[in-house]
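Note sheet for the following structure.
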Amino acid sequence: MKVPSLRANAIAATLVLLAGFALVFFYAPLDTDQGFIQKIFYLHVPLAICALAGFIVGGLLAIAHLRTGDPRWDARSYVAIHLSIIFGVGVLITGSIWAHASWGKWWVWDEPTLVSFLIVFLLYATYYPLRYAIEDRDRQGRYASVFAITAGAFVPLNFIAVRMAESLVHPRVFATANGGLPGSMLLTFLVCLAGMALLWLVLVRFELAAKSASASLSRLRRALDGEPEIPAQGSRIAPGVPSSATSVS
Amino acid sequence: MTRPSSLAALRAILAKDLRVELRTLQSVPAMALFAVTTFVLFRYGLDRESLSGGLAAGVLLATVLFAAIIAINRLFVAEREEGGFDAIRLAPVDATALLGAKAAALVIYLVVLEAIAVPAFGLFFLDSWSGIPPLAAVLLLADLGLAATGVLISSIAANSRARDLLVPLILLPLLVPVMIAAAGASQELLAAGGPSYDGVLRWLAVLAFYDMTFAAVGFAVYDYLLED
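If you're matching them up, the sequences are chains A and B in order.
Be aware that the first sequence starts at 1, since it is given in the numbering used here, and climbs by one per residue.
Be aware that the second sequence starts at 1, since it is given in the numbering used here, and climbs by one per residue.
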């Protein structure tokens, strides 16, 4: 299957996101309970789903890295986790705003999904110090992949544990975010989710392309200066990307 | 071809570790001392002379968890400093023998620690000891979970620059589900009016599920941590 170009991907992400936000403001009805603030749901929940899915994808890419030993998979896993952490900051901020608007507090402990997300976020935040602490490139990649797999297994487990801690205190109906939504809200939500997923993908591919371009550039520069070929340096945390790593399918 | 079986290698490494610990006494006594001192700190930090329910569970488990970090930090010191990692790589045995042996050693350390810390905790804070025997099951399952994740993170940290920093940093968020489940079960067992068993089995199931998941993850990825 032919992978669409980064440009096509970017245009699609922009269009779908614009359509999604147009639906949010002009089509989706106001929530009778929460009013206008409920609309942050169309930003917060897709961000959260993309971040969590991104963490899992990072784990799967890490499995591919360990199986093949190809550093390109490590680069993809790194970028997937990196962008999911950035999305995660957005999730925590929008969640906090929503909590403040609904309950008058910036943080609530009895919202299991938000709490689980914080724990997952704290775990993934240690991904950078971990990479930073290991100098040898090859070992750094392998250890980071072991971490990504362990943490990927941790994500669902943590959600189960936190949700149980809550449901034992006051049992709640297991309603998913879009369960019981009226059709118009569900449609808006799904368009926003698709837009956010496309945005995540564009950013991942963009960062991979940028890394690989800067690697080629420094290689060319060294060749021009007549210096001997040395392995890509780049920053000490981010893995270097061989020039053909741009396509994530 | 005769290869020493993984089990024989595991036993040999475990015996070596236990012998080293018995001769040098560098982990378990430190953990026990740390735990007792932490109880004294909690006595004043919380300003309570007796504890029950959630508070008792939290104090006991947080203390055990942090004491475990001490042992986990030291788990691979000998391997790193004396070239044990290279020896394992050279030896014709499965890398998972090292994982299993270290996990077993850690569980033994933790059980010994708890054999000291739980009576001390009971002596200091508990009005009734009736919740202690069933608590053993909770602690044992928590120890298995600590061992499964602890060995994995300790091996990662042992080969990095910031090793003493990395273990608590990565391990603590990973252990949140252990804390949730173990505290959920313990607070029922240490409840003020004698132990109640509401939901305890469910929490034990969560702990067992956690243990199995990370044992499986460790088993699957451990080879890659030793490769060089």
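We treat Cβ as the ideally placed atom computed from N, Cα and C, and that holds for glycine.
This one's a predicted model, so the numbers in the text were calculated from it and none came from an experiment.
Under 8 Å between C-beta atoms of residue i and residue j
i: L47 of chain A; j: V91 of chain A; result: yes
i: L190 of chain A; j: L174 of chain B; result: no
i: L201 of chain B; j: P195 of chain B; result: no
i: V167 of chain B; j: I69 of chain B; result: yes
i: F76 of chain B; j: A158 of chain B; result: yes
i: S160 of chain B; j: A133 of chain A; result: yes
i: Y42 of chain A; j: C192 of chain A; result: yes
i: S116 of chain A; j: V162 of chain A; result: yes
i: L99 of chain B; j: Y222 of chain B; result: yes
i: A51 of chain A; j: G184 of chain B; result: no
i: L225 of chain B; j: I156 of chain B; result: yes
i: L83 of chain A; j: V3 of chain A; result: no
i: G195 of chain A; j: L17 of chain A; result: yes
i: V24 of chain A; j: T188 of chain A; result: yes
i: S50 of chain B; j: A191 of chain B; result: no
i: I49 of chain A; j: W98 of chain A; result: no
i: S184 of chain A; j: P29 of chain A; result: yes
i: A137 of chain B; j: A9 of chain B; result: no
i: M31 of chain B; j: L113 of chain B; result: yes
For residue i, the first and last residue of its enclosing alpha helix (DSSP H)
i: G104 of chain A; result: Segment: none, G104 of chain A is in no alpha helix (DSSP H) and carries neither H nor E.
i: Y197 of chain B; result: Counting along the chain, Y197 of chain B falls outside any alpha helix (DSSP H), and DSSP gives it neither H nor E.
i: T255 of chain A; result: Because chain A in this structure spans residues 1 to 249, residue 255 of chain A falls outside the shown range and cannot be described.
i: I153 of chain B; result: 132 to 158
i: L171 of chain B; result: 163 to 174
i: P119 of chain B; result: 95 to 125
i: S212 of chain A; result: 183 to 224
i: A13 of chain A; result: 6 to 26
i: R80 of chain B; result: 77 to 81
i: P239 of chain A; result: Here P239 of chain A belongs to no alpha helix (DSSP H), and DSSP marks it neither H nor E.
i: E21 of chain B; result: 6 to 24
i: V28 of chain B; result: 28 to 46
i: L51 of chain B; result: Careful: L51 of chain B lies outside any alpha helix (DSSP H) and carries neither H nor E.
i: T32 of chain A; result: Per DSSP, T32 of chain A belongs to no alpha helix (DSSP H) and is neither H nor E.
i: V57 of chain A; result: 41 to 68
i: D235 of chain B; result: Limits of chain B in this structure are 1 at one end and 228 at the other, which puts residue 235 of chain B out of reach.
Rounded Cβ spacing between residue i and residue j (contact assumed at less than 8 Å)
i: L130 of chain A; j: F147 of chain A; result: 6 Å
i: A75 of chain A; j: L220 of chain A; result: Actually they are not in contact, since the Cβ atoms of A75 of chain A and L220 of chain A sit about 19 Å apart, beyond 8 Å.
i: P239 of chain A; j: P112 of chain A; result: Wrong, their Cβ atoms sit about 34 Å apart, outside the cutoff.
i: A91 of chain B; j: S27 of chain B; result: Not really, about 24 Å apart at Cβ, beyond 8 Å.
i: F121 of chain B; j: F39 of chain B; result: 6 Å
i: V236 of chain B; j: N158 of chain A; result: As displayed, chain B neither begins before 1 nor continues past 228, which places residue 236 of chain B out of reach and without an answer.
i: A78 of chain B; j: V20 of chain B; result: 6 Å
i: S154 of chain B; j: V93 of chain B; result: 19 Å between Cβ atoms; not a contact.
i: I132 of chain B; j: V118 of chain B; result: 7 Å
i: I81 of chain A; j: F55 of chain A; result: 6 Å
i: I160 of chain A; j: T94 of chain A; result: With a Cβ gap of about 24 Å, I160 of chain A and T94 of chain A do not count as contacting.
Is the segment 48 to 56 of chain B touching the segment 113 to 131 of chain B in the sense that three or more CB pairs, one from each, lie closer than 8 Å? yes
Counting pairs of beta carbons, one from the segment 138 to 148 of chain B and one from the segment 102 to 110 of chain B, are three or more of them closer than 8 Å? yes
Determine, using beta-carbon pairs with one atom in the segment 10 to 18 of chain A and one in the segment 185 to 202 of chain A, whether at least three such pairs fall under 8 Å. yes
Count the C-beta pairs between the segment 151 to 166 of chain A and the segment 59 to 77 of chain A that are closer than 8 Å, then say yes if the count reaches three, no if not. yes
Listed from N- to C-terminal order along the chain, which residues in the segment 40 to 68 of chain B have their beta-carbon within a distance smaller than 8 Å of any beta-carbon of chain A? none
Contact the segment 5 to 18 of chain B vs the segment 95 to 106 of chain A: 3+ CB pairs below 8 Å: no
Could you tell me whether the segment 134 to 141 of chain B touches the segment 205 to 214 of chain B, where touching means 3 or more Cβ pairs closer than 8 Å? yes
According to a CB-to-CB cut-off of less than 8 Å, which residues of the segment 133 to 147 of chain A neighbour chain B? A133, I134, E135, R139, R142, Y143, S145, V146, F147
Contact residues within the segment 183 to 196 of chain B, judged by C-beta distance below 8 Å to chain A: G184
Got a sec: which bits of the segment 43 to 71 of chain A sit with their beta carbon under 7 Å from any beta carbon on chain B, in order along the chain? L66
Short-range partners of chain B found in the segment 185 to 214 of chain A, where Cβ spacing is below 7 Å: none
Compile a chain-ordered list of the residues in the segment 140 to 163 of chain B whose CB is closer than 7 Å to at least one CB of chain A. L152, I156, N159, S160, R161, A162
Quick one: which residues of the segment 198 to 214 of chain B get their C-beta closer than 9 Å to a C-beta of chain A? List them in chain order. D198, G199, R202, W203, V206, F209, Y210, T213, F214
According to a CB-to-CB cut-off of less than 8 Å, which residues of the segment 6 to 38 of chain A neighbour chain B? none
Which residues, taken in chain order from the segment 92 to 112 of chain B, show a beta carbon closer than 7 Å to some beta carbon of chain A? none
Along the segment 101 to 128 of chain A, what residues have a CB closer than 7 Å to any CB found in chain B? I119, L122, L123, T126
Would you list, in chain order, the members of the segment 74 to 86 of chain A that have their beta-carbon closer than 9 Å to a beta-carbon of chain B? none
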